[in-house]
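Residues 1 to 574 in full-length UniProt numbering are what the sequence shown lists, from first letter to last.
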Amino acid sequence: MDSVIAPLCLFIPLNCNNNKKKSYYCYYNSNHILNISTKNTIRFSVPSSAGIFNLKKFTAVSFRYDHRYRRGRSGCLRRAVMDSSNSASSPDMQKPKIVTGPGGYVLEDVPHLSDYIPDLPTYPNPLQDNPAYSVVKQYFVHVDDTVPQKIVVHKDGPRGVHFRRAGPRQRVYFDSDEVHACIVTCGGLCPGLNTVIREIVCGLYHMYGVKKVLGIDGGYRGFYAKNTVHLDPKVVNDIHKRGGTILGTSRGGHDTSKIVDSIQDRGINQVYIIGGDGTQGGAAVIFEEIRRRGLKVSVVGIPKTIDNDIPVIDKSFGFDTAVEEAQRAINAAHVEADSIENGIGLVKLMGRYSGFIAMYATLASRDVDCCLIPESPFYLEGPGGLFEYIEKRLKENGHMVIVIAEGAGQELLSESIQSMTLKDASGNKLLQDVGLWISQRIKDYFTKQRKIPINLKYIDPTYMIRAIPSNASDNVYCTLLAQSAVHGAMAGYTGFTSGLVNGRQTYIPFYRIIEKRNSVVITDRMWARLLSSTNQPSFLCLKDSIEDTGDEEQSNQLLANGHCGEEDSLISKI
1 MDSVIAPLCL FIPLNCNNNK KKSYYCYYNS NHILNISTKN TIRFSVPSSA
51 GIFNLKKFTA VSFRYDHRYR RGRSGCLRRA VMDSSNSASS PDMQKPKIVT
101 GPGGYVLEDV PHLSDYIPDL PTYPNPLQDN PAYSVVKQYF VHVDDTVPQK
151 IVVHKDGPRG VHFRRAGPRQ RVYFDSDEVH ACIVTCGGLC PGLNTVIREI
201 VCGLYHMYGV KKVLGIDGGY RGFYAKNTVH LDPKVVNDIH KRGGTILGTS
251 RGGHDTSKIV DSIQDRGINQ VYIIGGDGTQ GGAAVIFEEI RRRGLKVSVV
301 GIPKTIDNDI PVIDKSFGFD TAVEEAQRAI NAAHVEADSI ENGIGLVKLM
351 GRYSGFIAMY ATLASRDVDC CLIPESPFYL EGPGGLFEYI EKRLKENGHM
401 VIVIAEGAGQ ELLSESIQSM TLKDASGNKL LQDVGLWISQ RIKDYFTKQR
451 KIPINLKYID PTYMIRAIPS NASDNVYCTL LAQSAVHGAM AGYTGFTSGL
501 VNGRQTYIPF YRIIEKRNSV VITDRMWARL LSSTNQPSFL CLKDSIEDTG
551 DEEQSNQLLA NGHCGEEDSL ISKI
């Protein structure tokens, strides 16, 4: 018998003596009251007709506490009844909605409007009458379709974590005429923003017949501080050919109460939020407030980060375009360095915390001699340091190309203590310009200490890379993300991010997107490929190498035991 795992806070403890058996009442929509007993995990059977979480297949429910959301609580739980007025008022209410099955199968499901609003009407999906879909053999995604997070498993290991597969459902929870959608873009620019906006609008209009779509001007702040923009297919027809976002963007400005008040006052019932991990965290808070108020509003996130530092998903849109555009800067640096004696071309690329752009641009170029990223510490002077390696390459080749991510080497900067404490409106630390700093250090070392004349050219294409339109690959990816988001919202799902997992479009709960940051694993094969391409040293001292080896061995042991952590990133799948 399969089971569903749901929040522990649905229970009212009748006896809180920790030395005695505990008895609980469980409330489901104030209609079903079951008396059960438990030790650690609580299980009870319910008839399939009860429709718990709208999962017809599963007939047993398991309630447990997820320690990722523990806030230091102890003792007995307080009274909490699952209904539309009180259910989200407890900080423990939004817990993972998890389905377990045979063979170690785990589905980390996403919330649904019917979880907190009972007796919602459903409607036939308009796609079944859409001529464009008449050639499709199977219109709709099966209710049991899921996508595994890990595709490499051991024969005796568990099936692992899965996510709900994205796509159109046979029944929808919104009538097309009643839908009033809005789209907002937040944070920094990224190639593909306008494409996502276009495809959300066109997807709602052409696939579901939705005519009322608003654009929120200027990020989260625009909900309560600016006018909205009417969007339709004619308005967004050719915006994918432009960089940036036609809606404008900003950092910060997140006032949950004002935002939800605006959503409620305007009659909006579908909210599409495009942004990075900070923006998705804000979307999660908006979703919680909407659920607390019991509103029929779907909150959907589309992950955006040019640095590719969002976890779980294969990659973020705009990343391919950024890597491709970075090639122009690297090629220019190589031409400059190769055209003069002891020429050094230095290129600074984006990558505040994660060095994916620098790493992939380096691998794609094959002209780079050294790549420096935030995840791989380095030092300048002494045996095995950067200066020694530069001198060696200049003697061998007469020129050199260095690529450095903007977040690399921050601990080496002279004012690092001050810079590490300053943050922007999104909560990101303000970085010193490592490109200018390291350029000056290289010049000083070779001209003053080594008395070796060098010609260094520094290129910073940062804002050129993120301000361009998306390339063909990213345009297709943006289309899939946007259409998957629309299908999910129309099907009544909420509190999720649309993302690509192992090549399949999925719906991922907000908490998985914001729980940590994706980063380059320098003990992974992809980083080893880079080192073999550039022939650069690892810049690790013996102690660091031993510690990294130990971490890798531990990681392999966890993988062999089938208890993989979620820290595997895009590079771990290649």
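Quick reminder that beta carbons are idealized off the backbone N, C-alpha and C, glycines included.
Do Tyr477 and Phe317 come within 9 Å of each other at the CB atom, strictly closer than that value? As a working mapping, residue 317 is identified with position 317 in the sequence shown. As a working mapping, residue 477 is identified with position 477 in the sequence shown. Contact flag set, yes.
Which partner residues does His180 have in the DSSP bridge list? The residue labelled residue 180 in the question sits at position 180 within the sequence shown. Looking at the DSSP output, His180 bridges to Lys212.
Would Ser176 and Gly492 qualify as a contact pair, given that the criterion is a beta-carbon distance under 9 Å? For the purposes of this step, residue 176 is identified with residue 176 of the sequence shown, where counting begins at 1. For the purposes of this step, residue 492 is identified with residue 492 of the sequence shown, where counting begins at 1. No.
Identify the continuous alpha helix (DSSP H) that holds Asn331 and give its terminal residues. Residue mapping note: residue 331 aligns to position 331 of the sequence shown, counting from 1. First-last of the alpha helix (DSSP H) with Asn331: Phe319 to Asp338.
Arg97 - partner residues in DSSP beta bridges: Counting from one through the sequence shown, the residue named residue 97 turns up at place 97. For the record, residue 97 in the displayed sequence is Lys; it is not Arg. According to DSSP, residue pairing for Lys97 in a beta bridge involves Asp109.
Measuring CB to CB, does Leu380 end up less than 9 Å from Tyr445? Looking up residue 380 in the sequence shown gives position 380. Looking up residue 445 in the sequence shown gives position 445. Yes; because the gap between Cβ atoms is below 9 Å, this pair is in contact.
Between Phe174 and Gly301, what straight-line distance do the alpha-carbon atoms span, to the nearest angstrom? One-based indexing of the sequence shown puts residue 174 at position 174. One-based indexing of the sequence shown puts residue 301 at position 301. Linking Phe174 to Gly301 through their CA atoms gives a straight-line distance of about 18 Å.
Can you tell me which of Ile259, Leu349 and Ile313 puts its alpha carbon nearest to the alpha carbon of Glu288? Counted from its first residue, the sequence shown places residue 288 at position 288. Answer by Cα proximity: Ile259.
Report back the beta-carbon spacing between Val323 and Ala361 to the nearest angstrom; my notes put them in contact at under 8 Å. To locate residue 323, count along the sequence shown from 1; it is residue 323. To locate residue 361, count along the sequence shown from 1; it is residue 361. About 5 Å separates the two Cβ atoms, so the contact holds.
Would His180 and Thr494 qualify as a contact pair, given that the criterion is a beta-carbon distance under 9 Å? One-based indexing of the sequence shown puts residue 180 at position 180. One-based indexing of the sequence shown puts residue 494 at position 494. In this structure, Thr494 does not lie closer than 9 Å to His180 by Cβ.
Answer with buried or exposed for Asn397, where buried requires no fewer than 16 other C-beta atoms within 10 angstroms of its C-beta. In the sequence shown, residue 397 corresponds to position 397, counting from 1. Asn397 comes out exposed.
What residues in its chain sit with their C-beta under 7 Å from that of His334, if we drop five residues either side in the sequence? Counted from its first residue, the sequence shown places residue 334 at position 334. Same-chain partners within the cutoff: Gly345, Asp367 and Val401.
Sheet register partners of Arg164 (DSSP bridge): One-based indexing of the sequence shown puts residue 164 at position 164. Beta-bridge pairing links Arg164 to Thr146 and Tyr507.
Sequence-distant residues of its chain with Cβ nearer than 6 Å to Ile274 (five each side left out): Stepping through the sequence shown from its first residue, residue 274 is reached at position 274. Same-chain partners within the cutoff: Thr185, Val196, Ile302 and Lys304.
Which residues bound the alpha helix (DSSP H) around Val196? As a position in the sequence shown, residue 196 is number 196, starting the count at 1. Judged by DSSP secondary structure, Val196 falls within the alpha helix (DSSP H) whose first and last residues are Leu193 to Cys202.
DSSP three-state call for Asn455: helix, strand or coil? In the sequence shown, counting from the first residue as 1, residue 455 sits at position 455. In the three-state scheme derived from DSSP, where H, G and I count as helix and E and B as strand, Asn455 is classed as strand.
Determine, using beta carbons only, whether Arg165 and Asp109 come nearer to each other than 9 Å. By one-based count along the sequence shown, residue 165 stands at place 165. By one-based count along the sequence shown, residue 109 stands at place 109. In this structure, Arg165 sits away from Asp109, with a CB-CB distance that is not shorter than 9 Å.
Check whether the segment 148 to 162 touches the segment 499 to 509, counting contact only when three or more Cβ pairs, one atom from each stretch, lie closer than 8 Å. A contact between stretches requires three or more CB pairs, one per stretch, nearer than 8 Å, and the segment 148 to 162 meets this requirement with the segment 499 to 509.
If I follow the unbroken beta strand (DSSP E) through Lys348, where does it start and stop? Start at 1 with the first residue of the sequence shown, and residue 348 comes out as number 348. Residues Gly343 to Leu349.
Hey, is Asp217 close to the ligand GDP, as in C-beta under 8 Å from one of its heavy atoms? The model depicted lacks the ligand GDP and carries no ligand whatsoever.
Quick check on DSSP: helix, strand or coil for Ile404? By 1-based counting over the sequence shown, the position of residue 404 is 404. Assignment of Ile404 by DSSP, reduced to helix, strand and coil, places it in the strand class.
Using three-state DSSP, classify Arg171 as helix, strand or coil. Within the sequence shown, the letter at position 171 stands for residue 171. Look at Arg171 here: in three-state DSSP terms it is strand.
Pairing CB atoms from the segment 224 to 239 with CB atoms from the segment 188 to 203, are three or more of them under 8 Å? Taking 8 Å as the limit for Cβ pairs, the verdict is that the segment 188 to 203 does touch the segment 224 to 239.
Is the distance from the Cβ of Gln280 to the Cβ of Ile514 below 9 Å? Start at 1 with the first residue of the sequence shown, and residue 280 comes out as number 280. Start at 1 with the first residue of the sequence shown, and residue 514 comes out as number 514. The answer is yes: Cβ separation under 9 Å.
Beta-carbon separation of Pro121 and Phe140 under 9 Å? Within the sequence shown, the letter at position 121 stands for residue 121. Within the sequence shown, the letter at position 140 stands for residue 140. Going by C-beta atoms, Pro121 is not nearer than 9 Å to Phe140.
Where does Val152 fall in DSSP's three states? Here residue 152 refers to the residue found at position 152 when the sequence shown is read from its first residue. In the structure shown, Val152 sits in coil (DSSP, three-state: anything other than H, G, I, E or B).
Cβ-based burial, Arg70 [other Cβ within 10 Å; buried from 16]: Taking the sequence shown and counting its residues from 1, the one referred to as residue 70 is at position 70. In this predicted model, Arg70 has a pLDDT of only 35, less than 50, meaning its place in the structure is not dependable; the value taken from the coordinates is given anyway. Exposed: under 16 other Cβ atoms inside 10 Å.
Okay, do the segment 434 to 443 and the segment 401 to 412 touch, 3+ Cβ pairs below 8 Å being the bar? Counting Cβ pairs under 8 Å, three or more are found: they touch.
Assign Gln270 to one of three DSSP states: helix, strand, or coil. As a position in the sequence shown, residue 270 is number 270, starting the count at 1. The DSSP-derived three-state label of Gln270 is strand.
Quick test of the definition: if touching needs 3 or more C-beta pairs under 8 Å, does the segment 242 to 261 touch the segment 187 to 194? Output reads yes: the segment 187 to 194 touches the segment 242 to 261.
Under 8 Å by Cβ, that's how I've got Tyr353 and Pro537 pegged, so tell me the actual separation to the nearest angstrom. Stepping through the sequence shown from its first residue, residue 353 is reached at position 353. Stepping through the sequence shown from its first residue, residue 537 is reached at position 537. In this structure Tyr353 is not in contact with Pro537, their Cβ atoms being roughly 23 Å apart against a cut-off of 8 Å.
Relative to the alpha-carbon of Ile313, which residue among Ser339, Ile183 and Arg512 has its alpha-carbon at the smallest distance? In the sequence shown, the residue the question calls residue 313 occupies position 313. Per the Cα distances, Arg512.
To the nearest angstrom, report how far apart Ile183 and Ala482 are at their CA atoms. Taking the sequence shown and counting its residues from 1, one reaches residue 183 at position 183. Taking the sequence shown and counting its residues from 1, one reaches residue 482 at position 482. In this structure, the alpha-carbon of Ile183 lies about 11 Å from that of Ala482.
Which listed residue (Gly104, Val520, Glu178 and Met207) has its alpha carbon closest to that of Gly157: Walking along the sequence shown from the start, residue 157 turns up at place 157. With distances taken between CA atoms, Gly157 lies nearest to Gly104 out of Gly104, Val520, Glu178 and Met207.
Does the Cβ-Cβ distance between Pro126 and Tyr208 come in under 9 Å? By 1-based counting over the sequence shown, the position of residue 126 is 126. By 1-based counting over the sequence shown, the position of residue 208 is 208. Yes; because the gap between Cβ atoms is below 9 Å, this pair is in contact.
Helix, strand or coil for Val81? Go by DSSP, reduced to three states. One-based indexing of the sequence shown puts residue 81 at position 81. The predicted position of Val81 is uncertain, since its pLDDT is 30 and thus under 50; a value taken from the coordinates is nonetheless stated next. In the structure shown, Val81 sits in coil (DSSP, three-state: anything other than H, G, I, E or B).
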